[in-house]
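In case it helps, the working numbering puts the sequence shown at residues 489 to 583. Cβ atoms here follow ideal geometry from the backbone N, Cα and C, with glycine treated the same way. Quick caveat, the model's predicted, so the values are computed rather than measured. Step one of this worksheet: look at the structure below.
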Amino acid sequence: WAAGFATVVVSVNSQYLDASFCGRVLDQAFVADLPPNVDPCGENGEFHTFVYQAPYFKAPINVQTGETVSKKYIYKTATGEESTSTYYFVDLCLV
Numbered sequence: 489w490a491a492g493f494a495t496v497v498v499s500v501n502s503q504y505l506d507a508s509f510c511g512r513v514l515d516q517a518f519v520a521d522l523p524p525n526v527d528p529c530g531e532n533g534e535f536h537t538f539v540y541q542a543p544y545f546k547a548p549i550n551v552q553t554g555e556t557v558s559k560k561y562i563y564k565t566a567t568g569e570e571s572t573s574t575y576y577f578v579d580l581c582l583v
C-alpha cells in the first residue's frame, strides 16, 4: 500500500475491533473502517500485522487466510485484580 509494503492483519484485540478485521489487508479502506478510538498503526495493541511484500524482499510471500479463531486470556493486573482479554487470530497458509 505505502512505499511498496503490503501487510495483512493477523490478530485483533476484541476490546477494539471485531473478528471481521482479521485477514484484511492494511490499506486505505481498512484505515477508513477503524473506529475513532483505534490507532491506525495499532500502536496500542489493537491489531497486529504480517508483512508479505516489501521492497527489500526478493519476492512477495504468497499467503492466503484460513480459519479465524478467538482466544481468551485470563490474567491478574498489577493490582492483583483478575482481568480477561479476548483476541482473534487468523491462520496464514503459504500458497
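Query: Please report how far the alpha carbon of T629 lies from the alpha carbon of E534, in whole angstroms.; Result: Here the chain covers residues 489 to 583 and nothing more, so residue 629 does not appear.
Query: Would you mind sorting L582 into buried or exposed? The rule is 16 or more other CB atoms within 10 Å of its CB.; Result: exposed
Query: Any contact of the region 555–565 with the region 527–542, i.e. 3+ C-beta pairs under 8 angstroms?; Result: no
Query: Rounded to whole angstroms, what is the Cα-Cα separation between R512 and E570?; Result: 32 angstroms
Query: Candidates T574, L522, L580 and A517: which alpha carbon is nearest T553's?; Result: L580
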